[in-house]
Amino acid sequence: MERALTRRQGLKLLGGSVGLGVLPWNFRCTGAGVRVVESTHEPTPEAPLTPQERFYITQNFGLPAVPRADTWRLHLRGMVDRDVTLSLAELQALPTVTRELTLECIGNPPGGGLISSAAFTGVRARDALALAGLSPHARGVVYSALDGYGVPLPVSVVEGDGEDSLLVWAINGEALTPDHGSPVRALHRGRHGLFSLKWLDALTAVRTYAPAGALRRVANFVDGSTAVRSKVTVVNEHRPARVGVPCEVRGLAVTPGSGVREVSVLADGRWQRAELSFNTLTDARSPWLWSLWRLAWTPEREGPQLLKVRATATDGATQHEEANFPYDHGAVHALRVAVLR
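Here my numbering is used: position 50 in the sequence shown is 986, and no number is missing along the way.
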């Protein structure tokens, strides 16, 4: 008989190709093959997208044997009219889309570096499955990776306009590297990297949407959906802040598809409205892509200063003060800054 897991125990089972990474507090991913690399990218309005070589990396089962692009195959099977195997060239012959969005590890703590943004190029999973003839009785799709990991999602993710599930082979116009899931990875907007598995191998349509493997034991705890979140990236160009001397605080904010309405920063003990400088409501790039903000701040007192940042979405959703394991799901980013005389 299978026993229920706690949130903490459950998250220990997750990982692999999907970008779980380092979790906050006492949990750390361990084991052979683990690799976690935070992004060092500090986005600006002039360079808002993360270069592939600076995109965050999480690998918990190690790098699988990655086939060459010309030998890779995608298998479409399960509750379909016919099993179909596609080469990369055949997949690329389908209608191609490029979408800008932000991807974040589910274990990224407030202010952490396991978050990046890019323009991803690929096809809708819906269009690929249409070649196999998706059964109207299918209720779920299991995405499987070459490292043996698999994640289930309701069939609604690939239906409708198809934008919620993409199969991508390029990032910012460059072919994916092995670290980022080459030749093809899945990408699910509005969900943490937990579900956007790398090294895609197969899509299997199933009768009942039910989590498989490790996810079967923790799905009630983690559904992978994202929340409004924000982060301070730079204070005074990484130089010491000084009393009475103007400096600039910069950062990012992102929502699960509604767009950022405003950002406020707690400084000198009061909330101050920041200026949106990229992906604004009047000059929007994508509601799934981070917005950038800046605040002109003149510190009023010497000593440690507590800064906090809080974003609010156009639908009114905002952030809270409490950071909860296993993932913070909208907790504000707080940090202490030394202010010199």
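All C-beta atoms in this analysis are idealised placements derived from N, C-alpha and C, irrespective of residue type, glycine included.
| Query | Result |
| --- | --- |
| Residue of Thr1057, Ile1042, Phe1214 minimising C-alpha distance to Val1104 | Thr1057 |
| Inter-residue Cα distance where the pair is Asp1017 and Thr1250 | 42 angstroms |
| Leu1276 in three-state terms, based on DSSP | strand |
| Minimum C-alpha distance to Arg1075 - residue among Ala1066, Thr1007, Thr1144, Asp1063 | Thr1144 |
| Opposing strand residues paired with Arg990 [DSSP bridges] | Beta-bridge pairing links Arg990 to no other residue. |
| Sub-8 angstroms separation of Leu1010 and Leu1027 beta-carbons | yes |
| Meets three-Cβ-pair contact criterion under 8 angstroms: the stretch 1207-1219 and the stretch 1265-1276 | no |
| Length of the line joining the Cα atoms of Pro1088 and Trp1233 | 46 angstroms |
| Secondary structure of Glu1257, DSSP reduced to three states | coil |
| Status (buried if at least 16 other CB within 10 Å, exposed otherwise) for Pro1090 | exposed |
| Residue from Arg1221, Val1020, Arg1175 whose Cα sits closest to the Cα of Val1275 | Arg1175 |
| Where Pro929 falls: helix, strand or coil (DSSP) | Lying before the first or after the last residue shown, residue 929 is absent from the chain, which here runs from 937 to 1277. |
| His1269 in three-state terms, based on DSSP | strand |
| Separation of Ala1025 from Leu1133, as counted between CA atoms | 21 angstroms |
| Between the CA atoms of Gln995 and Gly1129 - distance to the nearest angstrom | 11 angstroms |
| Exposed unless 16 or more other CB atoms sit within 10 angstroms - verdict on Glu1257 | exposed |
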